[in-house]
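The structure appears right after this line, and notes come after that.
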Amino acid sequence: MTSMGRRAALRVSWRWSGDERVQTVWGGVAETAGADVAVRNAPYNGALTPGAVTTFGLLVVSSAVPGGLTMACDS
Numbered sequence: 042m043t044s045m046g047r048r049a050a051l052r053v054s055w056r057w058s059g060d061e062r063v064q065t066v067w068g069g070v071a072e073t074a075g076a077d078v079a080v081r082n083a084p085y086n087g088a089l090t091p092g093a094v095t096t097f098g099l100l101v102v103s104s105a106v107p108g109g110l111t112m113a114c115d116s
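Note that the sequence shown covers residues 42 to 116 in the working numbering.
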């Protein structure tokens, strides 16, 4: 993610289409509620100045290849 303005917190969210679940995440903190998933910033990468970049990654467990995801970013 690239910050377009000063951000105190970051959050990316999406909805799984099947039985997917987050096994582990790095560079962020995962929050799940059923099929709804969100990854928010870790304590060390939440405050970004304009133009700054941060990333996160995750491993997902599923019985099938997940379909496409539509992600939403907010702060």
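Glycine included, every Cβ here is placed at the ideal spot set by N, Cα and C.
| Check | Outcome |
| --- | --- |
| Euclidean distance between Cα positions of T64 and S103 | Per the sequence presented here, residue 64 reads as Gln, with Thr not at that position. Computed Cα separation, rounded: 10 Å. |
| Of the residues P91, A93, D60, R56, the one placed nearest V80, counting alpha carbons only | R56 |
| Where A105 sits in the DSSP three-state scheme | coil |
| Helix, strand or coil at D115 [DSSP, three-state] | strand |
| G87 and L51 closer than 9 Å at C-beta | yes |
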